[in-house]
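In my numbering, the protein residues as written are 54 to 557.
The structure appears below as structure tokens.
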Ligand code: ATP
């Protein structure tokens, strides 16, 4: 950030808008850049008025128009930081105060020649059209390991704890990455209050809360394991083979970092489960993006949302970014110029170029049910390392899924006739098999019996699987997958499934 600010000042940019929650960190960066370049720094807020950070003198200029009016009187080479100035720049349906817009536009002409710079710092971007061309919007990256290391040391010192070193420090830093400095401070303090030490699991828990507040992402810290998945052997083998692909050993060996995976398939067949299991197998945090939420009503909001998502994912890296139901967000991209003013197309473009150029270790797993809604650009060779098709489970897989879920409900699978149950639930998805076990449990509970094969068998008999009502959709998805995707189940199992289907 400092380098970026320094270059803008050197190039005499008159007006910067930094989108950030972290005024104090921005002020610290600005102070150090101003000291380096010999600039003065003044900070303004409506509550505190104007403070000359360099000399420490303050004036009670609380009115935003007064402070703008005072700038020409300030010395050349001065930076003025305006806190929360977005509040005076209007918002739909309220237009910007014309006096403020005019005062800023008047100033822009002289700021450049006098090497003065106005820096607006606000948690939200509110840019009236009148000022769009005058302002440069700067994203404030989340704090890096050095900044957060200083926070950890500061808290250790104030709580009189021994300095945290080596592995424990790395774990704490990993847990703090992706938070603002004040969020990290709060999480570390809470950890001290709860456990009397700095505990990375408490910090991770708080980070999950902090990420959720942004409403775009959800953080799963301990999402499951590859053993939770019945079948999908080819996919599991692919994931297991790349477990250490982000390591420096893999880099030295000449391997490129894996980019991402597209999982296409029928609902309830384990795509989401696989995304979670991948994070667990690779021991990486999993960030789930609800693609539909990316799109906001205001101009530029969707692109900004995507930038925020990327910012958090890169800060948490190495991490897995799971884009759930990607088709829901991007389906409008091909026809979007007529339907949404081109927003989906622009978001897709930004997402694809980030995926292509990203240097941070963020592995993208995109999941989709409906391939007809996927934009062709996304499917072009090279976007993802691999596209897997997740089909209905074959008989062996169904037996394994039954075993997993019966065991999950605290029963011994050896006491059940898994072979006949697996035959009975032909054409069922994993989710439908799980639901049948639950229905069987309710029936057993109602009749005050222990769960048995017959309860599950009856529940299976009463279920009409989605596959039966959506035959056409399934066969067109299979046709699509034949030439474009790898089966997530191993080839032998898949051919057994096909044989069964021809018989039925
Ligand atoms: P959707 O497209 O509807 O989101 P999905 O393919 O992502 O479906 P999941 O959410 O992964 O499906 O599956 C729903 C639930 O079904 C899982 O939480 C899991 O309990 C069970 N399930 C599905 N497939 C499997 C499987 N192969 N092994 C074990 N459980 C499975």
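Using N, Cα and C, we set each Cβ at its ideal position, and we do this for glycine too.
Given the structure is predicted, the values throughout are model-derived calculations rather than measurements.
Relative to the alpha-carbon of residue i, which residue among the options has its alpha-carbon at the smallest distance?
{"i": "residue 211", "options": "431, 88 and 242", "result": "242"}
{"i": "residue 233", "options": "213, 262 and 162", "result": "262"}
{"i": "residue 480", "options": "460, 523, 127 and 121", "result": "523"}
{"i": "residue 462", "options": "490, 207, 508 and 404", "result": "490"}
{"i": "residue 328", "options": "272, 306 and 121", "result": "272"}
{"i": "residue 32", "options": "88, 130, 256 and 72", "result": "With the chain represented from 54 up to 557, any question about residue 32 goes unanswered, as that position is not in the structure."}
{"i": "residue 292", "options": "411, 214 and 333", "result": "333"}
{"i": "residue 226", "options": "127, 123, 126 and 368", "result": "368"}
{"i": "residue 521", "options": "496, 119, 485 and 543", "result": "485"}
{"i": "residue 235", "options": "527, 412, 207 and 404", "result": "207"}
{"i": "residue 229", "options": "252, 256, 213 and 221", "result": "256"}
{"i": "residue 201", "options": "219, 165, 118 and 238", "result": "238"}
{"i": "residue 320", "options": "530, 397, 87 and 460", "result": "530"}
{"i": "residue 413", "options": "492, 313 and 398", "result": "313"}
{"i": "residue 253", "options": "296, 124 and 205", "result": "205"}
Here's a check: name, in chain order, each residue in its chain whose Cβ is nearer than 6 Å to the Cβ of residue i, leaving out the five neighbours to either side.
{"i": "residue 354", "result": "none"}
{"i": "residue 324", "result": "316, 318, 420 and 443"}
{"i": "residue 345", "result": "381 and 382"}
{"i": "residue 391", "result": "Caution applies to residue 391, whose pLDDT of 45 falls short of 50 and renders its modelled position unreliable; the value that the coordinates give is listed next. Correct list: empty, nothing qualifies."}
{"i": "residue 142", "result": "149, 179 and 181"}
{"i": "residue 130", "result": "92 and 168"}
{"i": "residue 562", "result": "Past the edges of the chain, shown from 54 to 557, lies residue 562, and the structure says nothing about it."}
{"i": "residue 492", "result": "512"}
Under 8 Å Cβ to Cβ from residue i, same chain only, skipping five residues before and after it: list those, please.
{"i": "residue 61", "result": "69, 170, 189 and 191"}
{"i": "residue 364", "result": "192, 194 and 195"}
{"i": "residue 298", "result": "308, 310 and 311"}
{"i": "residue 63", "result": "90"}
{"i": "residue 388", "result": "Because residue 388 sits at a pLDDT of 46, beneath the cut-off of 50, its placement in the model cannot be relied upon, and the following sentence gives the value as read from the coordinates. Result list for residue 388: empty, nothing under 8 Å."}
{"i": "residue 278", "result": "330, 333 and 334"}
{"i": "residue 187", "result": "67, 68, 157, 158 and 161"}
{"i": "residue 434", "result": "none"}
{"i": "residue 540", "result": "287, 441, 442, 444, 534 and 547"}
{"i": "residue 494", "result": "462, 504 and 508"}
Excluding the 5 residues flanking residue i on each side, which residues of the same chain have their C-beta closer than 7 Å to its C-beta?
{"i": "residue 82", "result": "54, 55 and 58"}
{"i": "residue 85", "result": "55"}
{"i": "residue 475", "result": "448, 451, 452 and 455"}
{"i": "residue 538", "result": "317, 440, 441 and 442"}
{"i": "residue 423", "result": "380"}
{"i": "residue 104", "result": "95, 96 and 111"}
{"i": "residue 366", "result": "340, 372, 374 and 415"}
{"i": "residue 66", "result": "170 and 189"}
{"i": "residue 107", "result": "93 and 94"}
{"i": "residue 98", "result": "136 and 137"}
Do residue i and ligand 1 come close, with the Cβ less than 8 Å from some heavy atom?
{"i": "residue 381", "result": "no"}
{"i": "residue 287", "result": "no"}
{"i": "residue 420", "result": "yes"}
{"i": "residue 282", "result": "yes"}
{"i": "residue 540", "result": "no"}
{"i": "residue 453", "result": "yes"}
{"i": "residue 322", "result": "yes"}
{"i": "residue 509", "result": "no"}
{"i": "residue 444", "result": "no"}
{"i": "residue 523", "result": "no"}
{"i": "residue 449", "result": "no"}
{"i": "residue 319", "result": "yes"}
{"i": "residue 479", "result": "no"}
{"i": "residue 559", "result": "Since the first and last residues shown for the chain are 54 and 557, residue 559 lies out of range."}
{"i": "residue 484", "result": "yes"}
{"i": "residue 326", "result": "yes"}
{"i": "residue 460", "result": "no"}
Contact criterion: CB-CB distance below 9 Å. Does residue i meet it with respect to chain D?
{"i": "residue 304", "result": "Absent from the structure is chain D; it holds one protein chain and no more."}
message: So, does the region 429–439 touch the region 466–480, judging by three or more C-beta pairs under 8 Å?
response: no
- prompt: Taking one C-beta from the region 490–506 and one from the region 517–529 each time, how about it: are there three or more such pairs within less than 8 Å?
  reply: no
message: Using a Cβ distance threshold of 8 Å, determine whether the region 170–179 contacts the region 122–140, with at least three qualifying pairs required.
response: yes
message: With three or more C-beta pairs closer than 8 Å as the rule, is the region 285–297 touching the region 235–251?
response: no
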